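The structure appears below as structure tokens.
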Amino acid sequence: MIGEHVIVGYTGESGGRDALALGAAITRVTGGDLTVATVYPPGSPGLAVEAQANLAHAAEELGPAPAEYLTFESRGSGRGLAVLAGRIRADLIVVGSAGGGQHGRIAIGATSDHLLHLSPEAVMVAPARYVPPEEPARLTLAYVHRPQCDAAVERVAQAALRLGVPLRLITFDLRTEDQGRLRDDLALAVRLAWESSGLEAESEVAEGHDLAAAMSGVEWLPGELLVCAASEDAQPHRVFLGELSMKLLRASSCPVTVLPRGFS
1355 MIGEHVIVGY
1365 TGESGGRDAL
1375 ALGAAITRVT
1385 GGDLTVATVY
1395 PPGSPGLAVE
1405 AQANLAHAAE
1415 ELGPAPAEYL
1425 TFESRGSGRG
1435 LAVLAGRIRA
1445 DLIVVGSAGG
1455 GQHGRIAIGA
1465 TSDHLLHLSP
1475 EAVMVAPARY
1485 VPPEEPARLT
1495 LAYVHRPQCD
1505 AAVERVAQAA
1515 LRLGVPLRLI
1525 TFDLRTEDQG
1535 RLRDDLALAV
1545 RLAWESSGLE
1555 AESEVAEGHD
1565 LAAAMSGVEW
1575 LPGELLVCAA
1585 SEDAQPHRVF
1595 LGELSMKLLR
1605 ASSCPVTVLP
1615 RGFS
């Protein structure tokens, strides 16, 4: 289950603080390790000092919660977080929304964009100004009938079982597919979840003329976590978010986790 070792990409801006709060909340639930990291460009002594100051602020915000604090030199913050995650064997990278985005929604910046297309570890993005609850309420997997999603059903079902929360499988009918076939595919996914975990997953078909409309017609609980599988175009053991999933992420009001291809 992801969350055994979480690395947070921290900045002194609001997105970094959102990511810190979310990463700390996850490790409180999983009992995993937490690493807080700030990435700075090479050849910039002033920014290296600023990175250390940022981590001092993060430690103040986090308080007595146990965490490791690291600065890391890299030409890009997304690349740096991905490399660092591999070195410390983190299994989840948490980042915040880019500045200037809508309150309660996810805006993709350069860091999250890099991670969502190349990260070797699962990536979670927090909506702007997100305040995590004490415990998660439900895991929802965005389901499409394809191998990556079928594999994700088993993994997310196991995670829901360990966390003691309900599992929901949701598929989106954008009025371009046969709804009967969509429901049949979803029923098979529910059966797969049961066979792999013993959990009886909820299932839902969300309808709308686009993903944003379909998402708005669905109930999202406080403490909901949305999970997406990597695109079939992803390299092995890499995250790659396709166009539709990217739209889903931008329409989400809850944190979104994207699993790398072949995640185990």
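Count the sequence shown with our numbering and you get residues 1355 to 1618, in order.
For each residue, glycine too, the CB sits at the ideal point set by N, CA and C.
Given the structure is predicted, the values throughout are model-derived calculations rather than measurements.
- Cα atoms of Val-1559 and Arg-1537: separation of roughly 7 Å, rounded to the nearest angstrom.
- DSSP places Thr-1465 outside any beta strand (DSSP E); the residue lies instead in the alpha helix (DSSP H), whose first and last residues are 1464-1472.
- For Cys-1503, the secondary structure class from DSSP, reduced to helix, strand or coil, is helix.
- Counting other Cβ atoms within 10 Å of its Cβ, Gly-1370 reaches 16 or more and is therefore classed as buried.
- Contact check for Pro-1474 and Arg-1492: beta-carbon distance about 27 Å, past the 8 Å limit, so the pair fails to qualify.
- As a beta-bridge residue in DSSP terms, Leu-1521 pairs with Leu-1493.
- Taking a 10 Å sphere around the C-beta of Pro-1490, we find 16 or more other C-beta atoms and assign the residue as buried.
- In this chain, the alpha helix (DSSP H) harbouring Thr-1381 covers 1368-1384.
- Proximity to Glu-1561 across Thr-1525, Ala-1452, Gly-1596 and Leu-1579 peaks at Thr-1525, based on C-alpha coordinates.
- The three-state reading of DSSP puts Leu-1542 in helix, counting H, G and I together.
- Across the set Ile-1462, Gln-1406, Gly-1518 and Leu-1472, the C-alpha of Ile-1462 shows the shortest separation from the C-alpha of Pro-1609.
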